[in-house]
Amino acid sequence: NAGVTQTPKFRVLKTGQSMTLLCAQDMNHEYMYWYRQDPGMGLRLIHYSVGEGTTAKGEVPDGYNVSRLKKQNFLLGLESAAPSQTSVYFCASRIPGTVNYGYTFGSGTRLTVV
Amino acid sequence: DAKTTQPNSMESNEEEPVHLPCNHSTISGTDYIHWYRQLPSQGPEYVIHGLTSNVNNRMASLAIAEDRKSSTLILHRATLRDAAVYYCIPSGGSNYKLTFGKGTLLTVNP
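Residue numbers (the working numbering), protein chains in the order written: chain A, 1 to 114; chain B, 115 to 224.
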């Protein structure tokens, strides 16, 4: 049972390059989330999805795009990377409609933009 | 979202109980109190949640004040593996989202 898998685990980008982070979950969860975590800070919500084909903005969406073409996958894209996007990115998923099941997080993608 | 106040850091000895406090005086009546922890170099993991009554699970206990303006996460016997940042997060509704503060860094001494 893999849970939430994030790829890649590490990446170094040059300013202006683009990339896509992949989040995959095998728990049939409807809701999925992308967060970023800067040093010494808590996680901040970038975008989220409440189902296949739907996405919504979170607290810090600028500079990112997302897609949820399949229920099990949630992609986070950086069209033109900036040094300010250097961070650790976490994906999470959960069952909807109840607080009785918590979020399941992936192990993160550490991104450095130089 | 309700504002939370947690100590920046706490220290404990192995096999001793740990009480991690959280103040959430602006919590709404429908918000649950969620606790997550983040071990070094890992994503957060769910610990426990509750609404009004005290809650227990295999990981921890959650004691909620009668006025719900504060709560305490209790680790009954801390182990080295419990060293982590602990986040207290009030949130509610079926579409609840987690808003993370800086949390409390728990150090466990052998």
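C-beta atoms are modelled at their ideal positions from N, C-alpha and C, and glycine is treated no differently.
Below 8 Å on the Cβ atoms is my contact criterion, and I expect B:Val222 with B:Leu194 to pass it. Report the Cβ-Cβ distance as a whole number of Å. On the second sequence, position 108 is the one that residue 222 of chain B refers to. On the second sequence, position 80 is the one that residue 194 of chain B refers to. Confirmed, about 5 Å.
Are A:Phe90 and A:Leu43 close, meaning C-beta to C-beta below 8 Å? As a first step, residue 90 of chain A is located in the first sequence; it is residue number 90 there, counting from the start. As a first step, residue 43 of chain A is located in the first sequence; it is residue number 43 there, counting from the start. Yes; because the gap between Cβ atoms is below 8 Å, this pair is in contact.
Report the neighbours of B:Gln156 on chain A: residues whose CB is nearer than 7 Å to its CB, in chain order. Stepping through the second sequence from its first residue, residue 156 of chain B is reached at position 42. The contacting residues are Ser107.
I want to know whether the region 96–105 of chain A touches the region 69–77 of chain A - three or more CB-CB distances under 8 Å. no
Looking at chain B, is there any beta carbon in it that lies within less than 8 Å of the beta carbon of A:Gly42? The residue you call residue 42 of chain A lines up with position 42 of the first sequence. Closer than 8 Å to some Cβ of chain B, the Cβ of A:Gly42 qualifies, so yes.
Between which two residues does the beta strand (DSSP E) harbouring B:Arg151 extend? Here the question's residue 151 of chain B lines up with position 37 in the second sequence. It spans 145–152 - the beta strand (DSSP E) in which B:Arg151 sits, taken as one unbroken run.
At least one CB of chain A closer than 8 Å to the CB of B:Tyr200: is that the case? Working through the second sequence from its first residue, we reach residue 200 of chain B at position 86. No, no contact with chain A.
Taking Cβ positions only, does A:Tyr64 come closer than 8 Å to chain B? On the first sequence, residue 64 of chain A is found 64 positions in, with the first residue counted as 1. Not closer than 8 Å to any Cβ of chain B, the Cβ of A:Tyr64 fails to qualify, so no.
In this structure, how does DSSP classify A:Gln17 when only helix, strand and coil are distinguished? Indexing the first sequence from 1 puts residue 17 of chain A at position 17. Here A:Gln17 sits in coil by DSSP.
Considering only C-alpha positions, which residue in the set B:Arg182, B:Glu180, B:Thr186, B:Gln156 is nearest to B:Ala174? For the purposes of this step, residue 174 of chain B is taken as residue 60 along the second sequence, with counting starting at 1. The option with the nearest alpha carbon to B:Ala174 is B:Thr186.
Grab the span of the beta strand (DSSP E) containing A:Thr7 for me, first residue to last. Here the question's residue 7 of chain A lines up with position 7 in the first sequence. Residues 4–7.
Tell me, please, whether the CB atom of A:Tyr103 is closer than 8 Å to any CB atom in chain B? Here residue 103 of chain A is taken as the residue at index 103 of the first sequence, counted from 1. True, the Cβ-Cβ gap to chain B drops below 8 Å.
Please compile the residues from chain B whose C-beta is within a distance smaller than 9 Å of the C-beta of A:Leu75. Here residue 75 of chain A corresponds to residue number 75 of the first sequence, with the count starting at 1. In chain order: nothing, as chain B lies at least about 18 Å away.
Can you check whether the C-beta of A:Leu45 is within less than 8 Å of a C-beta belonging to chain B? Position 45 of the first sequence, counted from the first residue, corresponds to residue 45 of chain A. With 8 Å as the cut-off, A:Leu45 counts as an interface residue toward chain B.
Against chain B, does A:Phe10 count as a neighbour if the rule is that its beta carbon must be under 8 Å from one of theirs? As a working note, residue 10 of chain A is residue 10 in the first sequence. No, its Cβ sits nowhere closer than 8 Å to a Cβ of chain B.
By Cβ distance, which residues of its chain are closer than 6 Å to B:Val199, with the 5 residues on each side in sequence left out? As a working note, residue 199 of chain B is residue 85 in the second sequence. Gln152, Gly217, Leu219, listed in sequence order.
Span of the beta strand (DSSP E) around A:Ala47: Reading the first sequence from its first residue, position 47 is the one you call residue 47 of chain A. According to the sequence as given, residue 47 of chain A is His; it is not Ala. Residues 43–51.
Quick check: A:Arg94 and A:Val60, are their CB atoms within less than 8 Å of each other? On the first sequence, position 94 is the one that residue 94 of chain A refers to. On the first sequence, position 60 is the one that residue 60 of chain A refers to. For A:Arg94 and A:Val60, no; Cβs fall outside 8 Å.
What number of angstroms, rounded off, separates the C-alpha of A:Glu30 from the C-alpha of B:Thr213? Within the first sequence, residue 30 of chain A is the residue found at index 30, counting from 1. Within the second sequence, residue 213 of chain B is the residue found at index 99, counting from 1. Cα to Cα, A:Glu30 sits roughly 19 Å from B:Thr213.
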